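S.K.: Have a look at this one.
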Amino acid sequence: MPLVIAVHSTAPAVAAGLGWALLAVLFCSVVPYAVIWVSVRRGRLTDHHIGVREQRRMPLVYGMFSVLVGLALLVVAGAPAPLVAMVVVMFAVLLVVTAVNQVWKLSAHAAVVAGSTAVLVVVLGPALLPALALVALVGWSRVRLGDHTTGQVVAGALVGALIAVPTFLLLS
638 MPLVIAVHST APAVAAGLGW ALLAVLFCSV VPYAVIWVSV RRGRLTDHHI GVREQRRMPL
698 VYGMFSVLVG LALLVVAGAP APLVAMVVVM FAVLLVVTAV NQVWKLSAHA AVVAGSTAVL
758 VVVLGPALLP ALALVALVGW SRVRLGDHTT GQVVAGALVG ALIAVPTFLL LS
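Each residue of the sequence shown is one higher than the one before, counting from 638 in the working numbering.
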């Protein structure tokens, strides 16, 4: 998602867009996943899906902190406004998912894919509507793996889209 938004925002300067995207991906994906991976390896988390509710808060809070650090760096360095807006969207979705996941296991995967796909449709137009099939595919996989119920996936997808689109439109 950051890659598409960054390159789209800096066209025709694709190299600049790639640089901005790499910075966003580092703090919005790589660092949060590394925190989870290290925590699993050290035995602080039972698995990378964070199935035990009591274990969710720490990695989600670290993830939010990482996104905020990345956001601050993007703003200070003068990143394109749509990319900054997308990172704010990521933070907003993560904040809501974190809050809900303290009491009920909402599908973060469904929230992220639904929010990302919805923003891509807003940015690139209705030709991207078929990409919404990715939301169904990810949702199906989460239920099929036994990690979520259908209700948790649908709720996650709704939260993702309903937070992402208005937030992105307001900021971009």
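All C-beta atoms, glycine included, are put in the ideal place defined by N, C-alpha and C.
Here the structure is a predicted model, which is why all the values come from computation and not from measurement.
(1) Exposed or buried, G680, counting other C-beta atoms within 10 Å across all chains shown (16 or more means buried)?
(2) Could you give the first and the last residue of the continuous alpha helix (DSSP H) run that contains S744?
(3) What three-state label does DSSP hand L660 in the structure shown?
(4) Whole-angstrom Cβ separation of N738 and R779, contact assumed at under 8 angstroms?
(5) What residue range is occupied by the uninterrupted alpha helix (DSSP H) comprising R679?
(6) May I have the straight-line CA-CA distance separating G688 from L743, to the nearest angstrom?
(7) Candidates H686, A736 and V712: which alpha carbon is nearest L660's?
(8) Classify L782 as helix, strand or coil using the three-state DSSP reduction.
M.R.: From the atom records:
(1) exposed
(2) Premise fails: S744 is in no alpha helix (DSSP H) and is neither H nor E.
(3) helix
(4) Contact doesn't hold; Cβ gap of about 14 angstroms is too wide.
(5) Neither: R679 is in no alpha helix (DSSP H) and is coded neither H nor E.
(6) 11 angstroms
(7) Here the closest residue by C-alpha is V712.
(8) coil
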